[in-house]
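Residue numbers (our numbering), protein chains in the order written: chain L, 973 to 1121; chain U, -18 to 266.
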């Protein structure tokens, strides 16, 4: 007779970092969450690089000129604009998050009557306005970066 | 009128072949997780749970799932259906999913016991951690109050939405932070903590802060809103968590809330005659 073990043998099913990096079939705010993190990490990376590069001034003019020469190419210029894009998005989405994470614009709790409307859906128009503002800032920045210089 | 009735009958007897891909994990038979595919003749009006039951009864009796009430009350049948955590009993196959293939997986972020049955222990433990019941400094009032506690209808509305949670666990499966941080309390427990903390009859706000007010608590929620999207009862956990952040901040800046008082029996009122008394308690306290 075949016996079956009563010991609980479970299969781990934690999504981990892949879980936050993949938005799947969720809505706009789920994707803004991913972009906000990526933009934030990019700004942090730039900040570390910025401190390192400007810190070369301590080593004299020669070291300063050498490091400035290595970051002056076209790709770094495009990278600088991408950083500007990240800052514009992070700032506009950050304003939305500050206002909503303290519950200031989310309204009051309501009895759940089908079809349900989440607080995120109630402020969806505001979310789109902030994103459009971010895109306008990116466009103005792009004009200044690539056409004025 | 007869035409309407006829079309009604026709719609409910026509079948449509839908392919169901079901996640399989049978630790005693085959510990390697895989998918099994079944073709089910789905009738209009069938839910995913109906289809899974059809598979178990007609195609493969070893398919395991958890279900009970079949009407979105018990929360047992939550599973990942076509990439989103949903209640199988409330998900219409034809009119809602609109797909020729339905992929069913167990809820993410929980260990899998078998097939699409998750081990909900993390949910229950986190729920217990936030002490989801009325706490009072005066234990006599907490355990055996001698009267009602005052609460206005407006005060009731402050938490009522969040008290509809059925503990299905869908919100934790949807939450991207829960997936990455094992210690994160999670949307279900945070919402229940808020539900009791703003109940005017409760006096346990400071006690619950030990679990809520730290980096794995309320402040680790980044308002992705996936939990509210997944919630099948419209509880809106993401909303409750943001309100909780506001309340914690307000209390840190000096806001004080007195818990509701016990209603006193009016002294000068005489009980009218012919009003029957409540029956005696069947359970001795």
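Glycine included, every Cβ here is placed at the ideal spot set by N, Cα and C.
State the DSSP-derived secondary structure class of residue i, mapped to helix, strand or coil.
i, result
"residue 145 (chain U)", "helix"
"residue 234 (chain U)", "coil"
"residue 6 (chain U)", "strand"
"residue 1009 (chain L)", "helix"
"residue 263 (chain U)", "coil"
"residue 280 (chain U)", "Outside the displayed range of chain U (-18 to 266) lies residue 280 (chain U), so it cannot be described from this structure."
"residue -15 (chain U)", "Because residue -15 (chain U) carries a pLDDT of 48, less than 50, the predicted location of this residue cannot be relied on, and no value is offered for it."
"residue 1117 (chain L)", "helix"
"residue 110 (chain U)", "helix"
"residue 93 (chain U)", "strand"
"residue 43 (chain U)", "coil"
"residue 1024 (chain L)", "helix"
"residue 86 (chain U)", "strand"
"residue 60 (chain U)", "strand"
"residue 1112 (chain L)", "helix"
"residue 68 (chain U)", "strand"
"residue -3 (chain U)", "strand"
"residue 173 (chain U)", "helix"
"residue 267 (chain U)", "Past the edges of chain U, shown from -18 to 266, lies residue 267 (chain U), and the structure says nothing about it."
"residue 132 (chain U)", "coil"
"residue 21 (chain U)", "strand"
"residue 1084 (chain L)", "coil"
"residue 223 (chain U)", "helix"
So with CB distances below 7 angstroms, who are the chain L contacts of residue i?
i, result
"residue 230 (chain U)", "1074"
"residue 214 (chain U)", "1084"
"residue 188 (chain U)", "Per Cβ cutoff of 7 angstroms: no residues; residue 188 (chain U) is ~22 angstroms from chain L at best."
"residue 145 (chain U)", "1084"
Alpha carbon to alpha carbon, what distance is there between residue j and residue i?
i, j, result
"residue 85 (chain U)", "residue 93 (chain U)", "13 angstroms"
"residue 3 (chain U)", "residue 38 (chain U)", "15 angstroms"
"residue 999 (chain L)", "residue 265 (chain U)", "52 angstroms"
"residue 144 (chain U)", "residue 988 (chain L)", "29 angstroms"
"residue 1099 (chain L)", "residue 43 (chain U)", "47 angstroms"
"residue 82 (chain U)", "residue -2 (chain U)", "9 angstroms"
"residue 1052 (chain L)", "residue 1113 (chain L)", "11 angstroms"
"residue 113 (chain U)", "residue 169 (chain U)", "11 angstroms"
"residue 199 (chain U)", "residue 1116 (chain L)", "41 angstroms"
"residue 981 (chain L)", "residue 8 (chain U)", "7 angstroms"
"residue -12 (chain U)", "residue -6 (chain U)", "With a pLDDT of only 49 at residue -12 (chain U), under 50, the local geometry of the prediction cannot be trusted, and the value read off the model is given with reservation. For residue -12 (chain U) and residue -6 (chain U), the distance between alpha carbons rounds to 10 angstroms."
"residue 1049 (chain L)", "residue 1040 (chain L)", "12 angstroms"
"residue 1082 (chain L)", "residue 15 (chain U)", "42 angstroms"
"residue 234 (chain U)", "residue 227 (chain U)", "11 angstroms"
"residue -17 (chain U)", "residue 22 (chain U)", "Confidence at residue -17 (chain U) is low in this model, with a pLDDT of 42, below 50, so its placement is unreliable and the value that follows should be read with caution. Distance between the alpha carbons of residue -17 (chain U) and residue 22 (chain U) is about 27 angstroms."
"residue 111 (chain U)", "residue 57 (chain U)", "22 angstroms"
"residue 10 (chain U)", "residue 993 (chain L)", "34 angstroms"
"residue 153 (chain U)", "residue 90 (chain U)", "7 angstroms"
"residue 1045 (chain L)", "residue 1032 (chain L)", "22 angstroms"
"residue 186 (chain U)", "residue 50 (chain U)", "34 angstroms"
"residue 221 (chain U)", "residue 255 (chain U)", "46 angstroms"
So which residues on chain U does residue i lean against when the C-beta distance must stay under 9 angstroms?
i, result
"residue 1069 (chain L)", "203, 204"
"residue 1002 (chain L)", "155, 157, 205, 206, 207, 210"
"residue 1105 (chain L)", "Ordered by position in chain U, no residue passes the 9 angstroms Cβ test against residue 1105 (chain L), which lies about 19 angstroms from the chain."
Which one of the options has the shortest CA to CA distance from residue i?
i, options, result
"residue 1072 (chain L)", "U:24, U:4, U:203, U:109", "U:203"
"residue 1043 (chain L)", "L:1018, L:1119, L:1100, L:1058", "L:1018"
"residue 100 (chain U)", "U:111, U:36, U:65, U:150", "U:150"
"residue 218 (chain U)", "U:161, U:148, U:25, U:248", "U:148"
"residue 76 (chain U)", "U:115, U:29, U:40, U:58", "U:29"
"residue 214 (chain U)", "L:1028, L:1086, L:1034, L:1094", "L:1086"
"residue 79 (chain U)", "U:62, U:129, U:87, U:90", "U:62"
"residue 1103 (chain L)", "L:990, L:1078, L:1121, L:1062", "L:1062"
"residue 36 (chain U)", "U:17, U:109, U:126, U:192", "U:17"
"residue 1111 (chain L)", "L:1093, L:1010, L:1054, L:1067", "L:1054"
"residue 156 (chain U)", "L:979, L:1006, L:984, L:983", "L:1006"
"residue 182 (chain U)", "U:73, U:255, U:238", "U:238"
"residue 216 (chain U)", "U:161, U:12, U:171", "U:171"
"residue 178 (chain U)", "U:165, U:193, U:164, U:166", "U:193"
"residue 137 (chain U)", "L:1074, L:983, L:1014, L:1080", "L:1080"
Whose Cβ in chain C lies nearer than 8 angstroms to the Cβ of residue i?
i, result
"residue 141 (chain U)", "Of the chains in the structure shown, none is chain C; the protein chains are L and U."
Show which residues of chain U have a CB atom less than 7 angstroms away from the CB atom of residue i.
i, result
"residue 997 (chain L)", "64, 65"
"residue 1005 (chain L)", "157, 203, 205"
"residue 989 (chain L)", "161"
"residue 982 (chain L)", "92, 93, 94, 100"
"residue 1092 (chain L)", "206, 209, 219"
Name, please, each residue of chain L whose Cβ falls closer than 8 angstroms to the Cβ of residue i.
i, result
"residue 123 (chain U)", "Correct list: empty, because the minimum Cβ distance to chain L is about 25 angstroms."
How would you list, in chain order, the residues of chain L whose beta-carbon sits under 9 angstroms from the beta-carbon of residue i?
i, result
"residue 138 (chain U)", "1080, 1081, 1082, 1083"
Problem set entry | Chain-ordered residues of the stretch 2 to 20 of chain U with a beta carbon less than 9 angstroms from chain L | 6, 8, 9, 12, 14
Exercise. Between the stretch 224 to 253 of chain U and chain L, which residues of the former have CB atoms less than 7 angstroms from a CB of the latter, in chain order?
Worked result: 224, 226, 227, 230
Problem set entry | Interface residues of the stretch 76 to 102 of chain U facing chain L [CB-CB below 7 angstroms] | 87, 89, 90, 91, 92, 93, 94, 100
Exercise. In chain order, what residues of the stretch 104 to 131 of chain U put their CB closer than 7 angstroms to some CB of chain L?
Worked result: none
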